[in-house]
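Residue 86 in UniProt numbering sits at position 86 of the sequence shown, with consecutive numbering throughout.
We put the CB at the ideal spot given by N, CA and C, even for glycine.
A short worksheet on the structure shown next.
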Amino acid sequence: MAEGPDLTRRNLFLGRAAAEPRAVEPIIAVISQSCLALRGVACMSCRDSCPSGAVRFELALGGARPRIDAHGCTGCGECVRTCPADAIRIGPHEEAS
Ligand code: SF4
Ligand code: SF4
């Protein structure tokens, strides 16, 4: 049985880069600056509503601040629904702060 064409060599010969699969950013919760906790207001609704335990609060000057664990977040959107400040949306991980 004959071997198929070497597409990699063919692409190099033709000056084309071999097609490589693109990494897909996971879709997770992203918290914006309108978060109440970032303004010193005690709020942990997102943490309380998250079924995956993906919202962690870190101690900081002025009060605890929420952080999304990108590996634990499933992008379910439950925290979006419960946030009183409409400060969470679901988007690519690269947009998370
Ligand atoms: S529920 Fe909303 S306002 Fe409250 S800490 Fe989470 S992101 Fe901030
Ligand atoms: S999107 Fe779902 S899993 Fe991710 S932080 Fe919000 S509630 Fe938790």
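- Message: I need the residues with a C-beta less than 7 Å from some heavy atom of ligand 2; please give them in chain order.
- Response: I28, A29, C46, S49, C50, P51, S52, A54, V55, I68, G72, C73, T74, G75, C76, G77, E78, C79, V80, I88, I90
- Message: My parser needs the beta strand (DSSP E) runs of 3 or more residues fully inside the segment 33-85; what are they?
- Response: 55-58, 65-68
- Query: When DSSP builds the beta bridges, which residues end up paired with A29?
  - Reply: Along the sequence shown, one-based indexing puts residue 29 at 29. I90, per the DSSP bridge assignment.
- Message: For P84, count the other beta carbons within 10 Å of its own beta carbon; 16 or more makes it buried, fewer makes it exposed. Which is it?
- Response: As a first step, residue 84 must be located in the sequence shown, where it is residue number 84. Exposed, because fewer than 16 other Cβ atoms sit within 10 Å of the Cβ of P84.
- Item | Close-in-space but distant-in-sequence residues of the same chain around S45 (CB under 8 Å, 5 per side omitted) | Sequence index remark: in the sequence shown, residue 45 carries index 45 (1-based). If we look at S45 and ignore the five residues flanking it on each side, its Cβ neighbours are C79, T82, C83, P84.
- Using the beta-carbon count (16 or more within 10 Å), is L38 buried or exposed? Counted from its first residue, the sequence shown places residue 38 at position 38. By the neighbour-count rule (16 or more Cβ atoms within 10 Å), L38 is buried.
- Distance between P51 and G72 (C-alpha atoms, nearest Å): In the sequence shown, residue 72 corresponds to position 72, counting from 1. In the sequence shown, residue 51 corresponds to position 51, counting from 1. For G72 and P51, the distance between alpha carbons rounds to 10 Å.
- Item | Cβ shell of G77 (< 7 Å), same chain only, five flanking positions each side left out | As a working note, residue 77 is residue 77 in the sequence shown. Hits under 7 Å: I90.
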